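First to last, the protein sequences are chains A and B. According to the working numbering, the first sequence is numbered sequentially starting from -1. According to the working numbering, the second sequence is numbered sequentially starting from -1. All residues carry an ideal CB built from backbone N, CA and C; glycine is no exception. These numbers come from a predicted model, not from an experiment.
There are 2 protein chains.
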Amino acid sequence: MDRKILLQEKDIPRQWYNLAADLPTPPLPPLGPGGKPISPEMLAPVFPMNIIEQEVSTQRWIPIPEEVLDMLYRWRPAPLRRAVYLERHLKTPARIYYKDESTSPPGSHKPNTAVPQAWYNKQFGIKRLTTETGAGQWGSALAFACKLIGLECKVFMVRISFDQKPFRKLMMQVWGANCVASPSNETNAGRKILAEMPDTPGSLGIAISEAIEQAVTDPKGQTRYSLGSVLNHVMLHQTIIGQEAKAQLKSINEKTPDVIIGCAGGGSNFAGLAFPFTADKINGAKIDIIPVEPTACPKMTKGPFVYDFGDTACTTPLLAMFSLGHAFVPAPIHAGGLRYHGMAPLVCQAIVEGLHTPRAIDQIECYKAAMTWAQTEGAICAPETSHAVAAAIQEANKAKEEGKEKVILFNYSGHGLMDLSGYDAYLSGKLSPYSLPDDEIRKAGETLKGFPPAAKNKSGKW
Amino acid sequence: MDRKILLQEKDIPRQWYNLAADLPTPPLPPLGPGGKPISPEMLAPVFPMNIIEQEVSTQRWIPIPEEVLDMLYRWRPAPLRRAVYLERHLKTPARIYYKDESTSPPGSHKPNTAVPQAWYNKQFGIKRLTTETGAGQWGSALAFACKLIGLECKVFMVRISFDQKPFRKLMMQVWGANCVASPSNETNAGRKILAEMPDTPGSLGIAISEAIEQAVTDPKGQTRYSLGSVLNHVMLHQTIIGQEAKAQLKSINEKTPDVIIGCAGGGSNFAGLAFPFTADKINGAKIDIIPVEPTACPKMTKGPFVYDFGDTACTTPLLAMFSLGHAFVPAPIHAGGLRYHGMAPLVCQAIVEGLHTPRAIDQIECYKAAMTWAQTEGAICAPETSHAVAAAIQEANKAKEEGKEKVILFNYSGHGLMDLSGYDAYLSGKLSPYSLPDDEIRKAGETLKGFPPAAKNKSGKW
């Protein structure tokens, strides 16, 4: 059997899969001012209506436009690969497969949604997209997509990342985007912060505020905002990953995986792989589906299921999710993409239903796993992705203990070539194990006092 | 037709192709002290005998060991891709294909030879390899290969690159290599330079001297030196590229390419793609085969064909090659891999025979081509690779002028994610066009006075 399992272009999925159609309990709606469910029209200044329609859709299958497919063919279908060298190293009877999402030009799964988002905006007559970026994965993906489609792109990059990661900014510039450090002098939100704290390192919350402000205040109405995770339409676009993986496993007559794994910050790469298999689980398949988070930011394993803002600046609608509170400031761990306080509502609802079983892993174990990966399989994974690798190794070792020929599938969400400073910190002994203490979790939860509770799960725990 | 043309593992080439068997005039032998051809034994302190045998072999096909193939499967067979987005942009009738060598874990073609070199050394009982690296591509590839095979790896990295490219050094560390700045305090050569010039930025010549010194002075005799280009066995190992490309073109019933292109520093990625097709040209096929160099370092287009040292420090045997002289100091262009003063003797002999037609392109045109590439095909290429992209664009435009449906094939030797500072220099307007002036070439040639002349070509030009 080949180590790479490939699909031809003609076999690419032609529809996105919408989990909202199949969840036993429909996900709770976002709430607007006054605690009332928001209407599509209220989102119109921020997103184009064709994307809002996807956001609120409960249609099971949504066709992928041909023009979007033509752009995705630059790197899709993506390879499914078997990690034979890791299997040998672990001496596990498990067969470990991974979907290689690191092969896109920006190096991660993010373009799977950046491209259709840019396309739908262009269709709607929009000329310019704004967004924020932390570590830079999302900003590069949107810059790439806007260049292909012919939109202007403005990225507000958190000041500390802007200064520390000049290469990410350069990637965006190569793709023609205008990337500025946030807080900037270009928005009221940015100017206000700069006046108060001229030396601030910035935050994702501030950058989101700046990006949304520039979108909604364009006097010509030709600018919109674009988000790279959390929302339903983002999860939707990523489901091409899991659908391809299914077709690839089928092509080699492999059974349905026993275990499916993805790291989860806002949830999109995990959802992309997991949702098509979650449908099988709803229909009776026995699969452990595991979103993995850092012990430094354990929203899924330790946070309450509540209505909370999506951003620190409290400008978004309230979303029903596991959250450490919008004011939560996570420790400066190196997997920047996993430091978000909340989680995609669709993933949260699947957790509440018992369909997904979250797991938290410490970053030291994750870097150890990343080193094992680099020294067996060869490639250097993103610090975020290392959480999926670590969980896959845990599961492969468990299969060995149990003597079971399990099939493990995980999402290799991106390479780490732009994030080697995290490896540097690990190799030079500057990182320590860190789990968020319970009283910090309690404190974080206090910021949510008075927020509407979300649904209870079956056990009545939340 | 798919944009990616893939081979299965079972279709990987199982032999390397040796151009030395087919060149109309056999290449001139390397000369040792006193101007006499060196014997294999004289190389034994530097390389293991099984590699020396490959270096001097004139056998046409050399089997690739199964264990080497098992390691190459991590990324090989590599995709052949059709650049449809660039074709559309250029409105050319040409079909442009490129062999994507950027998919190896270190990001370039270099592991194609690093892996077999490490394997043959291990077979020979060697425990440790030393090498030098400039920009870092070769050092990372050898670090990667040594980790897979279980050898220690010591890399002397030119001080200025060591300081300016910390991420390359980190890659090597992730793969377990010991990477030090050169000149170092670990060798006589290094200490001597440091005593005279404590603030020197270093040079490839010094780093080579340090690496060779550590190899030949190991009291246990368990250390050898490894070189990433120029030599015959390196060209040999790279021919897997061209053989795969042939099989891939055949699999889609595409004709033999009209034009074949590769950038050429020491010659190995170019040779890897070109040599299997050069055999066809020797047998009568009409193909333009073009090694591309920067106008800042025009050894193939403007240098004399002479015997010269391979290194600045004059420690290697004399090689018959086009050379700007071992003392040549090229301008600090951003394609670090193309700044070498000489060229692989096998490539030089093919040029002399009229089989290869070198071309020099200015780095500004190359960066423009790289930007066009990133904004159409999507990926960010290495500054070296941009020279091949620029030549492919020239040829595609020529095909358009001529109205001919040409097939153009080039080698996409590596990605540029670790070399974005070159793009920064270009985008911020810090680069200027630069061709080495004729009197500089004359001056460089003067360092070769008294060196043995090499063979004349058919025109008697040299």
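Rounded to the nearest whole angstrom, the CA to CA distance from LEU84 (chain A) to ALA367 (chain A) is 10 Å.
No Cβ-Cβ contact shorter than 7 Å links HIS231 (chain B) with ILE10 (chain B).
Look at GLN6 (chain B): its C-beta is under 7 Å from a C-beta on chain A. With respect to SER138 (chain B), PHE154 (chain B) sits apart: the two C-beta atoms are not nearer than 7 Å.
For ASN110 (chain A), the number of other beta carbons within 10 angstroms of its own is at least 16, and it is reported as buried.
Residue state for PHE326 (chain A) is assigned as coil, using DSSP reduced to three classes. Look at TYR424 (chain A) here: in three-state DSSP terms it is helix. For the options A:THR90, A:PRO296, A:VAL156 and A:CYS261, the alpha carbon positioned closest to that of ILE204 (chain A) is the one of A:VAL156. Scanning B:SER411, B:ILE124, B:GLU375 and B:ILE362 for the CA closest to the CA of PRO217 (chain B) turns up B:ILE124. When DSSP states are grouped into helix, strand and coil, TYR118 (chain B) belongs to the helix group.
For the C-beta of ARG189 (chain B), not a single chain A residue is nearer than 7 Å; the gap to the nearest is close to 26 Å. Segment contact: the region 436 to 455 of chain B against the region 296 to 308 of chain B, three or more CB-CB distances shorter than 8 Å; contact assigned.
Between the alpha carbons of MET(-1) (chain A) and LEU407 (chain B) lies a distance of about 30 Å.
Closer than 7 Å at the C-beta level to chain B, one finds these residues of the region 392 to 424 of chain A: LEU415, MET416, LEU418, TYR421 and ASP422. In the DSSP annotation of this structure, the continuous segment of the beta strand (DSSP E) that includes THR131 (chain A) starts and ends at 126 to 131. With contact defined as three or more Cβ pairs closer than 8 Å, the region 167 to 184 of chain A and the region 143 to 153 of chain A are in contact. Residue-level contact check: VAL172 (chain A) touches chain B, since one or more beta carbons of chain B fall below 7 Å from its beta carbon.
Residue contact with chain B for TYR305 (chain A): absent (no Cβ-Cβ distance below 7 Å to any residue of chain B). Against chain A, the beta carbon of ARG1 (chain B) has neighbours under 8 Å at GLU7, TYR71 and ARG72, listed in chain order.
Under the 7 Å criterion on CB atoms, PRO103 (chain B) is classed as interfacial with respect to chain A. About 5 Å separates the CB atoms of LEU88 (chain B) and ALA394 (chain B); that is less than 8 Å, so the two are in contact. For a Cβ distance threshold of 8 Å, residue set PRO103, MET169 and VAL172 of chain A lies close to ILE378 (chain B), ordered along the chain. Within a 10 Å sphere around the beta-carbon of MET47 (chain A) sit fewer than 16 other beta-carbons, which makes this residue exposed.
In the pairwise beta carbon analysis, the region 230 to 248 of chain B is classified as not touching the region 380 to 400 of chain B: fewer than three pairs are separated by under 8 Å. Counting only the Cα atoms, ASN119 (chain B) lies some 26 Å from ASN183 (chain B). The region 261 to 279 of chain B makes no contact with the region 423 to 442 of chain B; the number of CB pairs closer than 8 Å stays below 3. For GLU375 (chain B), the chain A residues whose Cβ falls inside 9 Å of its Cβ are ARG72 and PRO103, in order along the chain. Note on geometry: alpha-carbon atoms of THR221 (chain B) and THR185 (chain B) lie some 14 Å from one another. For LYS145 (chain B), the C-beta contacts it makes with chain A under 7 Å involve GLN373, in order along the chain. If you look at GLU291 (chain B), you'll find it in the beta strand (DSSP E) that goes 286 to 292. One finds nothing in chain B with a Cβ atom closer than 8 Å to the Cβ of MET298 (chain A); even the nearest lies about 29 Å away.
Separation of CYS312 (chain B) and HIS324 (chain B) (C-alpha to C-alpha, rounded to the nearest whole angstrom) is 8 Å. The contact set of MET369 (chain A) on chain B, defined by CB atoms closer than 8 Å, consists of VAL172 in chain order. For ALA367 (chain A), the enclosing alpha helix (DSSP H) begins and ends at 361 to 374. Residue pairing by DSSP puts GLY412 (chain B) in a beta bridge opposite B:SER106.
By the neighbour-count criterion, in which a residue is buried when 16 or more other Cβ atoms sit within 10 angstroms of its Cβ, GLU194 (chain B) is exposed.
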